[in-house]
Ligand SMILES: Cc1cc2nc3c(=O)[nH]c(=O)nc-3n(C[C@H](O)[C@H](O)[C@H](O)COP(=O)(O)OP(=O)(O)OC[C@H]3O[C@@H](n4cnc5c(N)ncnc54)[C@H](O)[C@@H]3O)c2cc1C
Ligand code: FES
Ligand code: FES
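Numbering (this note's numbering), first residue to last: 353 to 823.
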């Protein structure tokens with residue numbers, strides 16, 4: 353049985369664990385305020401909140417219910433637009449109404465729920481704006497300016513609150529209904545997904561993390577399949593530092609990375625990098641292992657971790673082995689792993705004082721878009737000499753690429769425009785882009801060259817590179 357709280361109601365259901373939460377909400381609970389738009393995580397019309405206890409704190413995140421299986425609701429508080437409704441309009445709804453931020457109204461429940469999640473967030477190391485909170489919500493009518501004004505009014509109100517008081521403040525200020533104050537206590541009695549070993553050898557179950565990749569491709573068949581749900585397994589969670597090594601559980605999400613004090617400390621431009629990955633709702637669900645195993649040539653986290661020369665720990669539940677991430681990809685969506693093996697951990701050496709890391713991505717729109725070409729670089733520079741340099745590139749071949757020859761070339765080189773021009777030539781010899789809907793092969797080659805220049809421009813003082821910047 354899957355057990356959770358839906359708005360105020362206790363749910364205990366024996367329906368298939370792989371059934372989409374969206375279908376459960378609309379067709380089994382008749383809560384039709386949650387809308388169906390794209391069913392692919394793109395429009396935000398189906399946004400709901402998940403509240404869960406983390407280290408004794410109740411943490412809410414927005415997710416797209418069209419990509420979330422019922423199993424991932426276990427032990428959580430699921431909030432739909434009906435769950436934030438009050439006698440009259442709540443403060444968020446009133447701001448949207450006052451600013452004319454709704455027209456046909458189809459997208460509005462999704463925006464309201466995303467903003468409710470924003471109001472429930474305690475401020476953290478990662479300072480998200482109200483507009484960031486709705487970056488996964490699309491509106492076809494308003495032109496967004498009225499929505500931005502409504503969001504600004506809500507942010508202004510939140511400026512009055514003190515730290516650690518998000519839920520009480522929301523209740524006292526007519527932002528959310530009073531029952532939210534009881535949820536922490538009510539969730540404490542729920543059975544949470546246990547420590548699991550992931551798969552057992554010979555078990556034909558499919559692995560599933562956040563579902564943001566698999567449900568887009570197989571939403572009609574997955575509910576009937578045997579699935580090993582990994583997202584909430586305790587042994588696959590958490591980000592730790594052990595000496596110079598950073599170790600991530602396979603089911604760490606993009607948001608977990610963004611909010612991690614370790615990542616914030618060692619990657620000063622982290623917010624800029626991660627802002628380029630999908631949207632708030634998708635980041636709240638998408639796991640690092642899912643990004644790696646889906647094998648997409650343009651997976652952003654894969655490209656990020658390839659440049660850090662990360663390693664993965666694979667296990668079939670009985671035996672385990674380690675593999676450099678760069679050895680995982682054999683060909684388009686072909687991996688150096690058996691069907692039984694799951695990723696248990698990902699680890700890499702943390703950047704040191706002479707390290708310089710950068711991530712770049714070009715896509716057609718800023719949010720909710722996969723890359724045309726992406727790239728990351730990790731340089732260790734001492735006295736103007738590159739001691740080691742790793743570059744990864746996505747969208748320029750059948751797999752995410754660790755540029756081996758480029759890494760060999762970079763060793764003991766002085767940073768100069770000439771060196772960068774030679775590096776780009778070598779990188780070009782290591783890629784094999786094809787022309788497709790995202791651009792021609794020639795365009796992608798040009799883009800990778802420009803991204804390599806962008807890496808150096810962002811990492812090395814600009815006066816070194818006046819000519820390069822004009823090129
Ligand atoms: C609207 C939208 C926007 C997106 N934007 C981006 C983007 O900007 N950048 C980007 O890189 N991606 C993007 N994606 C793709 C996707 O969100 C990411 O690839 C995500 O990291 C996948 O993680 P997941 O946990 O949701 O994967 P899932 O769908 O759960 O799984 C993906 C694959 O990994 C396997 N798997 C999961 N966990 C494990 C494990 N521990 N061991 C072995 N196999 C495992 C599954 O069996 C499946 O084959 C987007 C997706 C959507 C829907
Ligand atoms: S229906 Fe569009 S994001 Fe879910
Ligand atoms: S008000 Fe019509 S889609 Fe947003």
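From the three backbone atoms N, C-alpha and C, an ideal C-beta is built for every residue, glycine too. Computed from a predicted structure; not experimentally measured.
{"Check": "Own chain, CB closer than 6 Å to residue 588, minus 5 neighbours either side, in chain order", "Outcome": "582, 601, 602, 603"}
{"Check": "C-alpha gap between residue 658 and residue 460, whole angstroms", "Outcome": "39 Å"}
{"Check": "Member of 640, 689, 810, 768 whose CA lies at the smallest distance from the CA of residue 710", "Outcome": "810"}
{"Check": "Residue 418 versus 516, 575, 428, 535, residue with shortest Cα-Cα distance", "Outcome": "575"}
{"Check": "Start and end residues, alpha helix (DSSP H) containing residue 628", "Outcome": "Unbroken run through residue 628: none, as it is neither H nor E."}
{"Check": "DSSP-derived helix/strand/coil call for residue 600", "Outcome": "strand"}
{"Check": "Proximity below 8 Å, CB of residue 801 to CB of residue 783", "Outcome": "no"}
{"Check": "Among 679, 536, 694, nearest to residue 409 - alpha-carbon criterion", "Outcome": "536"}
{"Check": "Residue 448 beta carbon near ligand 3 (any heavy atom closer than 7 Å)", "Outcome": "no"}
{"Check": "Alpha carbon of residue 594 to alpha carbon of residue 701, nearest angstrom", "Outcome": "10 Å"}
{"Check": "Any 3 or more C-beta pairs closer than 8 Å across the segment 460–474 and the segment 393–400", "Outcome": "yes"}
{"Check": "Status (buried if at least 16 other CB within 10 Å, exposed otherwise) for residue 379", "Outcome": "exposed"}
{"Check": "C-beta contact flag for residue 559 and residue 694 at 8 Å", "Outcome": "yes"}
{"Check": "Cβ neighbour criterion (16 or more within 10 Å) applied to residue 673", "Outcome": "exposed"}
{"Check": "Per DSSP, the bridge partner or partners of residue 400", "Outcome": "415"}
{"Check": "Ligand 2 heavy atom lying under 7 Å from the CB of residue 398", "Outcome": "yes"}
{"Check": "Test item, CB below 7 Å from any non-hydrogen atom of ligand 3", "Outcome": "454, 455, 456, 457, 458, 459, 460, 491, 492, 493, 494"}
{"Check": "Any non-hydrogen atom of ligand 2 closer than 7 Å to residue 729 Cβ", "Outcome": "no"}
{"Check": "Within the segment 604–686, ranges of the beta strand (DSSP E) (whole runs, at least 3 residues)", "Outcome": "663–667, 672–676, 681–683"}
{"Check": "Whole-Å CB distance - residue 425 paired with residue 373, under 8 Å assumed", "Outcome": "6 Å"}
{"Check": "Local Cβ density within 10 Å of residue 389, reported as buried at 16 or more and exposed below that", "Outcome": "buried"}
{"Check": "8 Å contact criterion, which residue 808 and residue 767 should meet: CB distance rounded", "Outcome": "7 Å"}
{"Check": "Run of the alpha helix (DSSP H) containing residue 580, from where it starts to where it stops", "Outcome": "Looking at the DSSP string, residue 580 is not in any alpha helix (DSSP H); the run it does join, the beta strand (DSSP E), is 579–581."}
{"Check": "Per-residue DSSP class, three states only, for residue 705", "Outcome": "coil"}
{"Check": "Strand pairing of residue 711, partner residues [DSSP]", "Outcome": "728"}
{"Check": "Residue 584 Cβ short of 7 Å to ligand 1 heavy atom set", "Outcome": "no"}
{"Check": "Check: residue 392 C-beta below 7 Å from any heavy atom of ligand 1", "Outcome": "yes"}
{"Check": "Distance CB(residue 744)-CB(residue 728) smaller than 8 Å", "Outcome": "yes"}
{"Check": "Near ligand 2: residue 416 beta-carbon under 7 Å from a heavy atom", "Outcome": "yes"}
{"Check": "Nearest-angstrom Cα separation, counted from residue 360 out to residue 540", "Outcome": "15 Å"}
{"Check": "Residue 736 versus residue 812: straight-line alpha-carbon distance, rounded", "Outcome": "10 Å"}
{"Check": "Residue 468 vs residue 528 beta-carbon contact at 8 Å", "Outcome": "yes"}
{"Check": "Test item: CB-CB of residue 765 and residue 771 under 8 Å", "Outcome": "yes"}
{"Check": "Exposure of residue 412, with buried meaning 16 or more beta-carbon neighbours within 10 Å", "Outcome": "buried"}
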